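Enquirer: Got a structure for you, written out below as structure tokens; questions coming shortly.
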Amino acid sequence: MKLREVKEILKADVIVGKESLDMEVKTAFGADLMSDVLAFAKAGSLLLTGLATNQVIRIANVLDIAAIILVRGKKPLAETIDLAKKLQIPILTTKYILFETAGRLYAEGIVGCLEKVEN
Amino acid sequence: MKIKVCATETENSLYKNSFYIEGGNFSDAGTVSTRIKSILKNIGLPNDIVRKSAIICYESEINIVSYARRGKINLTVTPKTVEIEVVDEGPGIPDIELAMQQGYSTANQQIREMGFGAGMGLHNIKSYSDIFNISSEVAKGTFLKMIINTQ
Amino acid sequence: MDIETIVKKLNLKVRSASDRLKNNVTGGYTGDLLSDVMANSHEGDIWITRQVHQNIVAIATLKEHAGIILVNSCEPATDTLEKAVKENVPIMVSNLPAFELTGKIYNLLAEKK
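Chains as they are written, first to last, in the working numbering: chain V, 2 to 120; chain X, 85 to 235; chain C, 9 to 121.
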């Protein structure tokens, strides 16, 4: 699915990366805990989170995340937006909560970036 | 887990540099890792190696910012490895075994609300490294050495 | 839909309050930031999280959640489990990451409507 479709499904606004809307995405990871993102999220996935900090951008850069989807209508500060522009990481923001965001994307065919975690 | 003392000077390193990190500065945390990532990419290392190294640096950087007064990351790239040393001046870790356990954390509420402090950091660092070594002295600091094989 | 249906369909492991599986699930909330869950979740939600800290039980009780599902095979901490047993809050464990689990529960709840 193209990032453009993700934007439509989530009625999202594009904060950074209008030029990246034709990017293909297949998988996603959702979390508010950055350590979990670092442990499990895979390159090329969407990152769904309620945190809009510089750290989310840095982590997306470290992991080669395709795009960040901010939930609950979160908007980053200007400084964070500048960082995302510099590191070329698309950011979309949706008013939906994480449950609804993940649910809608999953229903439309986006899958988790890993199948399961066994301890 | 112990590693042999490596005489890095005798190996022909492709790149060697130190990066300094200030404790408590959350808005800049991760800057060093972003730089290291782009350096490793420019050297031409494979993406998964670059990513692993960047994750290790990032978790280490967050640890320094969260707990230490200051610290540094020494990065050495040799033809066969990426070596990452993390040295900090801080409270140290009284019980390393406990600190290595998943879920154990001494993070305060501020750190937790930023999405860190779930007791995963050291564990993540170890799981992304091929060789992992940690030592610490209470009231002095903590020393980490990680090696990622590139071949 | 009750918790028991979700437990069976998604192969969850029940860790506490197995006598409360008839609790009705009216919605879901996925999140790991306690202040966010406290502010924005609703009564009857099934809460999906990877937080294992004992504060999750207090939040689930105060917000009258149907139950808590821990993702990524995370087990509740010992004091969390003790508290959940005492407060009779169902805690379940899934080996799925939050995205997948949320997707599946979202679909189950949507079918039902």
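Ideal Cβ placement from N, Cα and C applies to all residues, glycine included. Being a predicted model, the structure only gives us computed values, none of them experimental.
What does the Cβ neighbour count give for residue 51/C, buried or exposed, with the cut at 16 atoms within 10 Å?
Expert: Burial call: exposed.
Enquirer: Tell me which residues share the same chain as residue 88/X and place their Cβ nearer than 8 Å to its Cβ, disregarding the 5 neighbours each side in the sequence.
Expert: Here residue 88/X scores only 43 on pLDDT, less than 50, and its place in the model is too uncertain to base an answer on.
Enquirer: Can you tell me whether residue 204/X is helix, strand or coil according to DSSP?
Expert: The answer is coil: DSSP assigns residue 204/X none of H, G, I, E or B.
Enquirer: With DSSP collapsed to three states, give me the class of residue 90/V.
Expert: Coil at residue 90/V, not helix or strand.
Enquirer: Using a Cβ-Cβ cut-off of 6 Å (strictly less than) and excluding sequence neighbours within five positions of residue 96/V, which residues of its own chain qualify?
Expert: Taken in chain order, the residues that qualify are 74.
Enquirer: Excluding sequence positions up to five away, which residues of its chain have a Cβ less than 7 Å from the Cβ of residue 98/V?
Expert: Cβ neighbours of residue 98/V beyond the five flanking positions: 72 and 73.
Enquirer: Rounded to the nearest angstrom, what separates residue 49/C and residue 235/X at their Cα positions?
Expert: Approximately 48 Å between the Cα atoms of the pair.
Enquirer: Could you name the residues of the same chain whose beta carbon sits closer than 7 Å to that of residue 67/C, not counting the 5 residues immediately before and after it, in chain order?
Expert: Cβ neighbours of residue 67/C beyond the five flanking positions: 42, 45 and 46.
Enquirer: Any contact between the region 10-26 of chain V and the region 69-87 of chain C? By contact I mean 3 or more CB pairs, one from each, below 8 Å.
Expert: At 8 Å Cβ cutoff, the stretches do not touch.
Enquirer: Go through the region 159-200 of chain X residue by residue and report every complete run of the alpha helix (DSSP H) that reaches 4 residues or more, in order.
Expert: Within the region 159-200 of chain X, the complete alpha helix (DSSP H) runs of at least 4 residues are 180-184 and 193-197.
Enquirer: At a CB-CB cut-off below 8 Å, which residues of chain V make contact with residue 118/X?
Expert: Correct list: 59, 62, 63 and 88.
Enquirer: For residue 9/V, count neighbouring C-beta atoms within 10 Å of its own C-beta (all shown protein chains included) and say buried if the count is 16 or more, exposed if not.
Expert: Answer is exposed; the Cβ neighbour count stays below 16.
Enquirer: Where residue 144/X and residue 205/X are concerned, what is the direct C-alpha to C-alpha distance, given to the nearest angstrom?
Expert: One C-alpha to the other measures close to 8 Å.
Enquirer: Output, in chain order, the set of chain C residues within a Cβ distance shorter than 9 Å of residue 45/V.
Expert: Going along chain C, no residue has its Cβ under 9 Å from residue 45/V, so there is no contact; the nearest lies around 14 Å.
Enquirer: Strictly below 9 Å CB to CB, what residues from chain V border residue 202/X?
Expert: Those are 34, 35, 36 and 37, listed as they occur along chain V.
Enquirer: Say whether chain X places a C-beta atom closer than 9 Å to the C-beta of residue 114/V.
Expert: Not one chain X Cβ lies under 9 Å of residue 114/V.
Enquirer: Measuring CB to CB, does residue 171/X end up less than 9 Å from residue 225/X?
Expert: Against a cut-off of 9 Å, the Cβ pair of residue 225/X and residue 171/X comes out as a contact.
Enquirer: Whose Cβ in chain V lies nearer than 7 Å to the Cβ of residue 105/C?
Expert: The answer, in chain order, is 30, 41, 113, 115 and 118.
Enquirer: When you check each C-beta in the region 160-194 of chain X against every C-beta of chain C, which residues fall closer than 7 Å?
Expert: For the region 160-194 of chain X, which is checked against every Cβ of chain C, the residues closer than 7 Å are 187.
Enquirer: Near residue 64/C, which residues of its chain fall below 7 Å by C-beta distance, leaving aside the five closest residues on each side in sequence?
Expert: Excluding residues within five positions, the ones whose Cβ falls inside 7 Å are 57, 76 and 88.
Enquirer: So which residues of chain C does residue 11/V contact, with C-beta pairs closer than 9 Å?
Expert: The contacting residues do not exist; residue 11/V stays about 13 Å from chain C at best.
Enquirer: Check residue 110/X in the structure and name its three-state DSSP category.
Expert: Residue 110/X: coil per DSSP, three-state reduction.
Enquirer: Going by beta carbon distance, what residues of the same chain come within less than 7 Å of residue 94/V, once the five residues before and after it are set aside?
Expert: For residue 94/V, where only same-chain residues beyond five positions count, the Cβ hits under 7 Å are 13, 14, 16, 71, 74, 75 and 76.
Enquirer: Residue 101/C and residue 81/C - do their beta-carbons sit closer together than 9 Å?
Expert: For residue 81/C and residue 101/C, yes; Cβs fall inside 9 Å.
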